[in-house]
Amino acid sequence: MSDIDELKTHLLTAIEASAALDALEAVRVEALGKQGRVTQLLKTMGAMSPEERQANGPAIHGLREAVTNAIAARKAVLEQIALDAQLAGEALDMTLPVDVPAAGTVHPVAQVMDELAEIFADLGFAVATGPEIEDDWHNFGALNIPETHPARAMQDTFYIAKPEGAADDAAPMVLRTHTSPVQIRTMVEVARRHAGAGSAGGAPIRIIAPGRVYRSDWDATHTPMFHQVEGLVIDKGITLAHLKWTLETFLRAFFERDDVVLRLRPSYFPFTEPSAEVDVGFSVEKGKRVIGGDEGWMEVLGSGMVHPRVIAACGLDPDEWQGFAFGCGIDRLAMLKYGIDDLRPVFEADVRWLKHYGFAALDVPTLSGGVGTAA
Ligand code: PHE
């Protein structure tokens, strides 16, 4: 083997064997650096006779090319290995649970809405919604509250200014004063489908409608915007007993106590007949009122059997369909359950208040997990 071949084998082996970029660089310097062995060989060609050069030139140039190419190839391989190692080292496993708690919290009112949806879904109720800017008919007229009815004054209504050019007799729009217009929208929609599908379509209806409502009111127990949940059941042969059982089941699940007792007091709403105001019993433990028992009573909701006139106004036959409805203040439910004693901070968006009363973002209430015990 000639010296050149020997050198070539030596260098190519060293290149292949270099395990890191700095080792490869050392080989490069040894071969191609200023004092490198290949560089030295190339220099010897200057002193050669033309014949010697012809004889040795190709082998020397071939050596340089082979070494240069081998270094480039090995460099590419080592760089790729280094990159792979870096990527593997910096990789984040997105499937790993984070142990940093989320900074935000779920507002108690939002939490209670989730709890309501969970409890009522278990009883076969769907969640329905409607607009917060309502027309007079859905908010009042269809609910058997004619224009002259004192109930309109009872609920201090925010009226929306009529748009310019609107007809003088155009029905005014209002910020809905209660969630009851969602009853109307649901029944109208069902009656429409009913008409198309014969008696197989339409009712029965089982919905709850949680959402914002508005009344011109502002003191320690009233805010101009607050939250209600409406409940509506329409079917055949529905009685007050169904209403009472549903409310009892709901409130026992919500307050997570079996000793929740209800008291139904005769009352009046234009859209229900008969109407009942519902009180829930409380007892006093260590000087604090807690729901359960019957040492005292707190009013929690309004309810009744849907007035036949309301059912008819929506296009359903009141001789065929009956039902019950109830309306309940969500903010009050949240205050009672989570020991909040002033209503106003509930809507002030103070981060310190939210930190104290809020719920962890990932604690979704479930019936199996206990609705709302994960405070
Ligand atoms: N809409 C009534 C209110 O806001 C509550 C209610 C709803 C009463 C349904 C009876 C039936 O006061």
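According to UniProt numbering, the sequence shown is numbered sequentially starting from 1. The beta carbon of each residue, even a glycine, is placed where N, CA and C say it ideally should be.
From residue i to residue j, what distance separates their C-alpha atoms?
i: T95; j: A170; result: 58 Å
i: P308; j: I145; result: 13 Å
i: E30; j: P101; result: 57 Å
i: V280; j: V300; result: 7 Å
i: A276; j: L240; result: 10 Å
i: P204; j: I184; result: 14 Å
i: D342; j: H107; result: 15 Å
i: L136; j: V98; result: First, the residue type needs correcting, since residue 136 is Asp and not Leu in the sequence shown. If you take the alpha carbons of D136 and V98, they lie about 50 Å apart.
i: G104; j: I207; result: 31 Å
i: G358; j: V229; result: 20 Å
i: A142; j: G287; result: 45 Å
i: residue 454; j: A76; result: Residue 454 lies beyond the residue range present for the chain, which begins at 1 and ends at 375; the question has no answer from this structure.
i: P131; j: L87; result: 51 Å
i: Q40; j: R74; result: 23 Å
i: W297; j: E285; result: 15 Å
i: R265; j: L243; result: 13 Å
i: L11; j: L32; result: 11 Å
i: V67; j: A47; result: 23 Å
i: P210; j: E295; result: 30 Å
i: A20; j: Q80; result: 11 Å
i: G372; j: L92; result: Caution applies to G372, whose pLDDT of 49 falls short of 50 and renders its modelled position unreliable; the model cannot decide the point.
i: G315; j: D235; result: 14 Å
i: G323; j: L232; result: 7 Å
i: F158; j: Y214; result: 7 Å
i: A85; j: A360; result: 38 Å
i: T221; j: F347; result: 12 Å
i: S18; j: L83; result: 17 Å
i: P365; j: G304; result: 29 Å
Figure out for me which residue from the options has the closest Cα to the Cα of residue i.
i: A110; options: H227, A203, G302 and K75; result: H227
i: E320; options: F326, A312 and D279; result: A312
i: H356; options: G302, Y338 and L367; result: Y338
i: D258; options: V278, P274 and V290; result: V290
i: A59; options: D22, A70 and L7; result: L7
i: F269; options: E248, V306, P50 and L251; result: V306
i: G327; options: W218, G315 and T179; result: T179
i: I160; options: E134, P181, A121 and T148; result: E134
i: P224; options: L354, R28 and L175; result: L175
Under 7 Å: does the beta carbon of residue i sit that close to some heavy atom of the ligand PHE?
i: E230; result: yes
i: F326; result: yes
i: H178; result: yes
i: S303; result: yes
i: S216; result: no
i: K272; result: One point to set straight first is that residue 272 is Thr, not Lys, in the sequence displayed. For the ligand PHE, at least one heavy atom lies less than 7 Å from the Cβ of T272.
i: F269; result: yes
i: S275; result: yes
At what residues does the beta strand (DSSP E) containing residue i begin and finish?
i: P210; result: I205 to Y214
i: E134; result: I133 to D135
i: M173; result: M173 to L175
What residue range does the alpha helix (DSSP H) around residue i cover?
i: E65; result: P50 to E90
i: T13; result: D3 to A17
i: V351; result: V351 to Y357
i: R37; result: R37 to T44
i: A20; result: No alpha helix (DSSP H) contains A20, which DSSP labels as neither H nor E.
i: residue 402; result: The structure shown does not extend to residue 402, since the chain spans only 1 to 375, so no value can be given for it.
Could you tell me which uninterrupted alpha helix (DSSP H) segments, each at least 4 residues in length, are contained entirely in the region 219 to 269, listed from first to last along the chain?
240 to 255
In chain order, what are the residue ranges of uninterrupted alpha helix (DSSP H) at least 4 long that sit wholly in the region 285 to 327?
308 to 313
Unbroken stretches of the alpha helix (DSSP H), 4 residues or longer, contained in the region 103 to 137
List check, alpha helix (DSSP H) in window: 108 to 122.
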